[in-house]
Structure formats: C-alpha cells, structure tokens
Amino acid sequence: SLNDGLVNDLTDEKVKAYLSLHPQMLDDFVLESVSTETLDRWLKRKTMFVRDCVSCVQQYQDTNMQGVVYELNSYMEQRLDTGGDNKLLLYELCKIIKTATKADGFALYFLGECNNSLCLFTPTGAKDGPPSLIPSGPITFGTTIAAHVAKTRKTLLVEDIMGDERFPDGTGQDSGIHVHSVLCLPILTAIGDLIAILELHRHWGKEPFNLSHQEVATANLAWASVAIHQVQVCRGLAKQTELNDFLLDVSRTYFDNIVAIDSLLEHIMIYAKNLVNADRCALFQVDHNNKELYSDLFDIGEEKEGKPVFRKTKEIRFSIDKGIAGQVARTGEVLNIPDAYADPRFNREVDLKTGYTTRNILCMPIVSRGTVIGVVQMVNKLSGSAFTKTDENNFKMFAVFCALALHCANMYHRIRHSECIYRVTMEKLSYHSICTSEEWKTLSQLNLPAIIYKEIEMFHFDINSFEEIWPAVFIYMVHSSCGKNCFELEKLCRFTMSVRKNYRRVPYHNWKHAVTVAHCMYVILQKTSGIFTEEEKKGLLIACLCHDLDHRGYSNAYLQKFDHPLAALYSTSTMEQHHFSQTVSILQLEGHNIFSNLNSSQYEQMLEIIRKAIIATDLALYFNNHQQLTELLASGALDLNNHSHRDRVIGLMMTACDLCSVTKQWHITRLTANDIYAEFWAEGDEMKKIGMQPIAMMDRDKKHEIPQGQVGFYNAVAVPCYTTLAELFPPSNPLLKASGSCCACVCPSPAFRKMSP
Numbered sequence: 001s002l003n004d005g006l007v008n009d010l011t012d013e014k015v016k017a018y019l020s021l022h023p024q025m026l027d028d029f030v031l032e033s034v035s036t037e038t039l040d041r042w043l044k045r046k047t048m049f050v051r052d053c054v055s056c057v058q059q060y061q062d063t064n065m066q067g068v069v070y071e072l073n074s075y076m077e078q079r080l081d082t083g084g085d086n087k088l089l090l091y092e093l094c095k096i097i098k099t100a101t102k103a104d105g106f107a108l109y110f111l112g113e114c115n116n117s118l119c120l121f122t123p124t125g126a127k128d129g130p131p132s133l134i135p136s137g138p139i140t141f142g143t144t145i146a147a148h149v150a151k152t153r154k155t156l157l158v159e160d161i162m163g164d165e166r167f168p169d170g171t172g173q174d175s176g177i178h179v180h181s182v183l184c185l186p187i188l189t190a191i192g193d194l195i196a197i198l199e200l201h202r203h204w205g206k207e208p209f210n211l212s213h214q215e216v217a218t219a220n221l222a223w224a225s226v227a228i229h230q231v232q233v234c235r236g237l238a239k240q241t242e243l244n245d246f247l248l249d250v251s252r253t254y255f256d257n258i259v260a261i262d263s264l265l266e267h268i269m270i271y272a273k274n275l276v277n278a279d280r281c282a283l284f285q286v287d288h289n290n291k292e293l294y295s296d297l298f299d300i301g302e303e304k305e306g307k308p309v310f311r312k313t314k315e316i317r318f319s320i321d322k323g324i325a326g327q328v329a330r331t332g333e334v335l336n337i338p339d340a341y342a343d344p345r346f347n348r349e350v351d352l353k354t355g356y357t358t359r360n361i362l363c364m365p366i367v368s369r370g371t372v373i374g375v376v377q378m379v380n381k382l383s384g385s386a387f388t389k390t391d392e393n394n395f396k397m398f399a400v401f402c403a404l405a406l407h408c409a410n411m412y413h414r415i416r417h418s419e420c421i422y423r424v425t426m427e428k429l430s431y432h433s434i435c436t437s438e439e440w441k442t443l444s445q446l447n448l449p450a451i452i453y454k455e456i457e458m459f460h461f462d463i464n465s466f467e468e469i470w471p472a473v474f475i476y477m478v479h480s481s482c483g484k485n486c487f488e489l490e491k492l493c494r495f496t497m498s499v500r501k502n503y504r505r506v507p508y509h510n511w512k513h514a515v516t517v518a519h520c521m522y523v524i525l526q527k528t529s530g531i532f533t534e535e536e537k538k539g540l541l542i543a544c545l546c547h548d549l550d551h552r553g554y555s556n557a558y559l560q561k562f563d564h565p566l567a568a569l570y571s572t573s574t575m576e577q578h579h580f581s582q583t584v585s586i587l588q589l590e591g592h593n594i595f596s597n598l599n600s601s602q603y604e605q606m607l608e609i610i611r612k613a614i615i616a617t618d619l620a621l622y623f624n625n626h627q628q629l630t631e632l633l634a635s636g637a638l639d640l641n642n643h644s645h646r647d648r649v650i651g652l653m654m655t656a657c658d659l660c661s662v663t664k665q666w667h668i669t670r671l672t673a674n675d676i677y678a679e680f681w682a683e684g685d686e687m688k689k690i691g692m693q694p695i696a697m698m699d700r701d702k703k704h705e706i707p708q709g710q711v712g713f714y715n716a717v718a719v720p721c722y723t724t725l726a727e728l729f730p731p732s733n734p735l736l737k738a739s740g741s742c743c744a745c746v747c748p749s750p751a752f753r754k755m756s757p
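First residue of the sequence shown? That's 1 in UniProt numbering, and the numbers climb one at a time after it.
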C-alpha cells in the first residue's frame with residue numbers, strides 16, 4: 001500500500017534530518033504525545049551522557065594521555081629539527097585531537113598557491129597515494145566553513161552545518177551529507193601567520209560538539225603552534241650563526257681586496273638567495289639625481305661548483321617610477337607579492353624576453369641614513385607557494401648589513417671618482433689660466449673693420465684673415481643677434497678671452513674652429529628670425545664658442561680605449577661632457593658669469609640649453625637624430641612647439657655648424673681637411689707606438705685613401721645633414737650647395753656630380 005511505501009522509504013537519518021530542520025514540530029510532538037515519566041527518563045539519560053563526555057575529556061587529560069602528547073611533542077621536535085615535513089606532523093596531531101574530542105572524522109587544509117586558497121591534505125597511505133594537496137576552493141565568505149575560518153582566523157563551533165546559511169557549501173566534501181556538527185579551528189604561528197585549518201566532524205545521531213571539546217582542541221593546537229615556533233626559533237638562531245659567519249667572510253673579502261666591489265656584491269646576493277630560499281636574486285642601486293635604478297651584475301640562474309653564477313654585463317637603467325623595485329625604492333616599504341602576474345605593477349616584458357616565469361617576488365629596500373640606496377629583489381620561492389613573514393623578518397635584518405656593504409662600495413666609488421676629477425683638474429690647471437685684465441679691456445675697445453660687416457652675414461665668410469680680432473668678431477655677433485645689452489660687456493669680454501685661453505693649440509679643434517662654428521650658428525639665427533627665443537639664441541652662440549673647450553685632439557674612442565681619466569668620468573660622449581664641464585667652470589670664475597642676472601631657475605634652464613647643444617656635437621649621436629628628423633618631416637609630424645622635436649632640430653643645427661668647414665670655398669676647405677687629418681694621424685701614431693693598428697682614416701701611411709674617405713663622409717654625413725637643414729630652414733640652402741661643390745672638388749667624376757646637389 002501507499003502507507004507501506006512511505007514507511008519503507010523512511011530512515012533514521014531522514015527522520016533526524018527532518019526534525020533538525022523543523023525543531024518546532026518536535027516541540028509540539030513532545031508536548032502533545034510524550035508523558036512526564038518519559039521526559040524524566042530522557043533527562044536522566046542526558047545527564048549520564050554529559051558525565052560520560054566530561055569523563056572522556058578528563059581521561060584525555062590524565063597522565064597517560066599527557067604522556068602520549070609529550071611523546072608526540074618530542075617526536076615533532078626531532079622531526080622538525082631534522083627538516084621534517086610539518087604537514088605530516090600536524091596531521092598526526094589532528095588525529096589525536098580527533099580522538100580526544102570523539103569526532104567521527106576530520107579534514108586538514110593548508111594554504112594553496114599565493115595564499116589565497118585552501119587545499120585538502122591527503123597523507124601517505126590514503127587512497128590517493130603519496131601525500132598531496134587537493135585544491136578545495138578560494139578563501140572567501142559564503143562558501144565552506146573552512147574558507148570562512150581561514151578568512152576570519154577565528155574558531156567556529158557549528159551544531160548544525162546543514163542549517164547554517166553562512167556556509168551554503170557546508171564542508172565542501174562528498175562526505176558532508178553525513179556531517180551534522182562541525183568544530184573548525186585555525187592553526188596559527190606565534191606571530192599570527194596562518195598555517196592550516198583543522199575541521200572536526202560529528203555525524204547525524206551524535207551529540208554536537210560543545211565548549212569542552214573546543215577547549216581541548218584549542219589547547220592542543222596552541223601547544224602545537226608553540227612547539228613549531230620553538231623549533232623555528234632554533235632554526236632562526238642557526239640562521240643567525242650562519243649570518244655571523246657570512247659577515248666575517250664579507251669583511252675578509254672587502255678588506256683583503258678593497259677594489260673587488262663586484263665580489264662583495266656577489267657574496268651578498270648569494271647569501272640573500274640562500275636566506276629565503278629563492279630561485280633568482282637581483283640587486284639594484286638607486287641614482288637619486290636621475291631618478292633611476294641601475295645594475296650591471298645579474299643572476300643568470302646557473303651554478304658553478306655548487307655556487308650561483310653572476311654575470312657582469314652592460315649596465316642597465318630604468319626609471320624609479322616603473323615596476324615593483326621602483327615602488328620599493330620610492331616608498332621604502334617592503335613588498336611581498338605572492339602572485340606577480342596578478343599585480344599590475346609587475347612588468348611582464350622581462351619574462352617574455354627571457355622565457356623565465358616569475359611567480360612571486362619579495363622586494364626589500366636597503367636604507368642608509370634614512371635614504372633608500374638600493375633594492376634587493378628575490379624571485380620565486382623554491383620551497384613553498386610564496387615568501388612568508390618569516391622570510392620578510394630575516395630579510396629585514398639582512399638588509400641592514402646590505403646597507404653597510406653598499407655604503408662602503410659607494411664610498412669607494414666616490415673616492416675613485418674624486419681621484420679622477422683631481423687628476424683631470426691638476427692637468428688642466430697646469431695648462432690653462434684665465435685672461436688678464438689687459439686682454440679683456442683691450443677687447444672691450446676693439447672695433448671691427450668695415451669690410452667685415454657685410455661679409456659676416458654670409459655663410460661663406462672666411463675668418464682666417466682676422467685672427468687678431470676673432471674675440472671681437474664673436475662679441476659683435478652676440479650683440480647683433482641678441483642686443484648690446486644682453487650681457488654686461490665686461491663679463492662678456494672676460495668670458496670670451498678666458499674661453500680662448502682654454503682652447504689648446506691642436507691642429508683642428510682649436511680657437512679658430514670655435515669661432516667658425518659660432519659664426520655659422522650666427523648666420524642661421526639671423527636668417528631664421530622669430531623662430532628661436534632670446535634665451536635659445538644666447539645659449540646656442542655660447543655653446544658653439546665653447547663646444548670644443550680643452551679638446552686634446554683625440555677621439556672619444558681613443559680616450560675610452562686607453563682608460564683616460566676623462567673616460568672614467570664620462571662613459572658616453574666623453575669629450576662633449578668635458579667641454580660642457582669646462583664651460584661651467586669658466587662661468588663660475590669671478591667676473592665671468594655672463595648669466596649672473598638670471599635667477600636660479602632661469603640659470604638652470606640656460607645651462608640645459610648649452611649642455612644639450614654641446615652634447616649634440618658628438619657625431620655618434622647625429623645619425624639617430626637625423627633619421628628621427630627625416631621621418632618626422634616625411635610624415636608631416638614635425639612640431640617646433642614640441643620640446644623633443646625642438647631639441648632634435650637644434651641638435652641638427654649644431655652638427656651643421658660643427659661641420660661648416662666643408663661649406664667654405666674649396667681652398668679653405670682643403671686646408672681645414674689637412675688640419676683634421678693632422679689630428680687623426682697623431683692619434684694613429686700613438687696607437688702604433690703600442691702595437692695597435694689604427695683605422696685607415698687615422699693611418700698616415702694610407703694618405704692615398706683620403707679622397708675616397710672624404711667622398712664617403714660627404715655622402716653619408718655632410719650632404720644629408722645640410723639637405724635636411726635646408727628642408728627645415730630654406731635660407732640655409734647655401735650650406736647644401738657649398739657642401740656639394742666641395743664634394744665635387746674632392747672627386748670630380750661625372751657619377752659623383754650626378755649625386756651632388
């Protein structure tokens with residue numbers, strides 16, 4: 001019958017579940033159908049059950065059970081001391097807590113990748129084979145009770161897990177349909193780090209967990225945390241001993257060979273990797289002047305004789321405003337990134353280029369005297385899913401010693417830098433001197449011959465015949481272009497005469513060349529009225545006059561190859577940076593600062609105009625600048641109101657003026673070429689003295705190749721330069737025509753004439 005079918009479908013579990021979900025019906029049934037005698041009998045049974053529970057707890061707390069716990073404690077410490085697996089040890093402890101609390105089952109969860117999820121621990125001997133972590137879901141509210149406890153880090157005792165709306169997924173396990181009461185506890189370290197989650201279960205038909213069970217479980221977990229913490233402290237002391245040994249080793253390395261800064265940094269990086277068990281390590285120093293991070297020592301992920309290999313490469317620099325290391329350098333705060341790809345500050349381009357996968361990062365500032373002087377970046381924790389707070393604490397202590405080592409390294413670098421400056425300064429002082437009062441006073445009273453006033457406005461003007469009045473020619477050009485009141489006459493005369501004294505008597509890069517270049521710039525400025533500001537005109541004329549100050553007649557490549565002190569001071573555009581430095585030095589002499597009427601901000605802007613213009617005369621920079629300008633012109637995108645575009649145009653003007661000797665009349669150009677080759681050959685002779693073979697251009701034994709070399713120079717450099725300049729400023733077209741004419745004189749073949757303008 002139908003009733004028989006319903007009765008057969010009912011089970012004890014279903015009835016208990018129904019009554020648990022509808023307690024009011026149970027109350028009504030008891031009041032209506034259960035006698036007082038029956039209720040008394042139930043109450044007696046309940047009282048006896050509670051006594052039994054207390055007895056069980058007391059039994060667990062007796063001497064024998066404590067002996068078991070102490071034995072396990074000894075076992076745990078022994079295992080931990082020898083590097084035992086904490087997961088298995090905690091699992092064994094949880095089994096004891098399960099017994100003590102009369103739980104029907106338990107689950108142990110550990111943190112997953114990036115510490116934002118939980119994984120169910122399966123021990124050795126379980127059906128799934130060896131120990132493993134099975135992902136069970138993210139740490140968030142509104143899912144499972146374990147996720148909730150992991151989120152709050154607070155113990156929860158739930159009598160009816162199925163009826164609790166906070167946990168729609170219950171325990172999240174297949175066996176959860178049998179679970180009635182749950183006691184869920186966080187396992188924390190002594191410093192508050194979450195280690196794991198213990199979830200104890202009782203099935204339907206059993207009494208729910210009570211506060212006594214919670215106290216037992218909490219006490220044992222607290223004991224376990226203390227035991228683990230104690231062992232970690234012991235390990236920390238061992239690390240401290242290792243650190244002390246390392247510091248002694250570093251001190252020995254530093255004092256035995258004080259110049260081996262790279263060796264010192266290698267020691268630091270190797271130890272830092274071992275300290276936090278990282279896969280890769282990088283150490284960046286901070287350049288506060290340029291707001292950049294830089295490094296030239298890199299961990300390439302290889303080992304030699306059991307030690308990491310660090311490769312010395314070309315220095316790389318990047319803005320302090322970029323990346324995780326940049327933020328640490330700016331803020332001075334530690335960054336522990338558990339998931340690099342989930343962090344928007346992480347730059348993925350490095351991984352794409354190297355094929356390396358960055359999972360997590362620990363980045364620490366190195367602080368000296370309240371200022372961040374470096375950043376140490378650890379990449380990819382080898383043991384564990386991410387770097388821990390313990391790693392952070394150990395690393396903070398280590399960063400203090402890093403600061404000491406870097407301070408020593410920087411101090412040594414500054415001493416070396418000062419030595420180089422001293423040597424250059426002494427050499428300079430032995431040769432140079434400032435002008436006398438008679439010299440500048442004479443200049444202030446000089447007048448130019450009438451014939452000059454017309455010729456000086458032409459590009460082809462030849463200054464050779466007026467050597468005695470070259471300073472006066474420059475004063476006239478400044479007054480004509482910028483006005484007679486643009487500078488104090490006395491200071492301008494002092495400055496001009498001292499600049500003349502600071503040019504060496506070399507064949508080409510001399511005082512005559514300086515005035516020639518300044519004249520070419522003067523004509524360009526005169527023919528492009530209204531395009532450049534008064535500040536730019538002043539700066540460009542001064543830059544042209546000073547662009548080769550203290551030139552020694554040797555190329556940048558020569559100075560760098562032979563480790564000249566100047567090359568140590570300036571690694572790029574060596575002579576150009578020195579020329580600018582000399583310009584500033586003269587401006588700083590008493591009575592020489594022609595810009596003394598400017599305020600601090602205006603003065604800095606003026607120096608920047610001069611610096612950029614002088615640096616632009618480095619021919620190595622011309623090719624890229626010319627290409628960029630050509631592309632801007634071709635696309636119609638050139639905008640002189642754009643600072644970057646304007647700098648490129650001024651850079652091209654400086655190159656055009658620097659090469660203007662190829663735009664003079666042929667006999668003048670040929671004499672100038674002789675001066676240039678005199679310098680080239682002198683440099684080549686120096687190279688031959690030490691057994692090096694110079695390039696053909698600098699080898700006096702290859703004079704017959706001069707025409708071919710000159711044609712190549714005209715076609716590759718001069719003609720393209722003046723072509724672009726004429727396109728920018730049509731009034732400069734005479735420079736293009738003159739360069740073509742001189743090129744034809746060098747190699748007057750029909751084929752070349754067809755190429756020339």
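For glycine and all other residues, C-beta sits at the position ideal for the given N, C-alpha and C.
- The C-alpha of tyrosine 271 is placed about 55 Å away from the C-alpha of cysteine 657.
- Three or more beta-carbon pairs separated by less than 8 Å link the region 287–297 to the region 314–322, which places the two stretches in contact.
- With respect to the 8 Å criterion, glutamine 708 and alanine 673 are not classified as neighbours on the basis of their beta carbons.
- Rounded to whole angstroms, the separation of the alpha carbons of arginine 202 and valine 158 is 10 Å.
- One alpha carbon belongs to glutamate 165, the other to phenylalanine 209, and they sit about 19 Å apart.
- In this chain, the alpha helix (DSSP H) harbouring alanine 568 covers 565–569.
- Look at threonine 101 here: in three-state DSSP terms it is coil, with no helix or strand label.
- Contact fails between the region 526–538 and the region 661–671, because fewer than three Cβ pairs, one in each stretch, are under 8 Å apart.
- Annotation: the continuous alpha helix (DSSP H) that includes lysine 538 extends over 534–546.
- In the structure shown, asparagine 380 falls within a strand segment according to DSSP collapsed to helix, strand and coil.
- The DSSP-derived three-state label of arginine 359 is coil.
- Judged by their CB atoms, leucine 489 and serine 437 are not nearer to each other than the 8 Å cut-off.
- The C-beta separation of valine 649 from leucine 640 comes to about 7 Å, placing the pair in contact by the 8 Å criterion.
- As the crow flies, the alpha-carbon of glutamine 214 is around 42 Å from that of lysine 273.
- Put simply, the region 349–368 touches the region 377–388. At least three CB pairs are less than 8 Å apart.
- Boundaries of the beta strand (DSSP E) harbouring lysine 304: 292–304, taken from the DSSP string.
- Under DSSP, the beta-bridge partners assigned to serine 117 are Pro138.
- In this structure, isoleucine 610 lies away from phenylalanine 562, with their beta-carbon atoms at least 8 Å apart.
- Between valine 15 and tryptophan 204, the alpha-carbon positions lie close to 10 Å from each other.
- Between aspartate 618 and glutamine 582, the CB-CB gap reaches or exceeds 8 Å.
- DSSP places arginine 648 in the uninterrupted alpha helix (DSSP H) bounded by 643–658.
- Around the beta-carbon of arginine 41, fewer than 16 other beta-carbon atoms lie within 10 Å, marking it exposed.
- In the structure shown, proline 344 falls within a coil segment according to DSSP collapsed to helix, strand and coil.
- In terms of Cβ geometry, isoleucine 161 and valine 179 form a close pair [threshold 8 Å].
- Segment contact: the region 396–415 against the region 362–371, three or more CB-CB distances shorter than 8 Å; contact assigned.
- Within 10 angstroms of the beta-carbon of isoleucine 451 lie fewer than 16 other beta-carbons, which makes it exposed.
- Residues Ser481, Cys482, Leu525 of the same chain have their beta carbon placed closer than 7 Å to that of lysine 537, with the five preceding and five following residues left out of the count.
- Around the C-beta of glycine 112, 16 or more other C-beta atoms lie within 10 Å, and the residue is accordingly described as buried.
- By the criterion of at least three beta-carbon pairs nearer than 8 Å, the region 216–235 is not in contact with the region 375–383.
- With distances taken between CA atoms, isoleucine 614 lies nearest to Leu541 out of Phe623, Ser635, Asn597, Leu541.
- Taking C-beta separations shorter than 6 Å and ignoring five residues to either side along the sequence, the partners of cysteine 520 in its chain run Cys657, Cys660, following chain order.
- Boundaries of the alpha helix (DSSP H) around serine 481: 470–482.
- DSSP, reduced to helix, strand and coil, places proline 308 within a strand of the structure shown.
- Valine 515 sits away from phenylalanine 461, with the two beta carbons spaced by 8 Å or more.
- Note on the region 655–703: whole alpha helix (DSSP H) runs with a minimum of 4 residues are 666–689, in chain order.
- Using a 10 angstroms sphere on the CB of histidine 547, the tally of other CB atoms reaches 16 or more, which defines it as buried.
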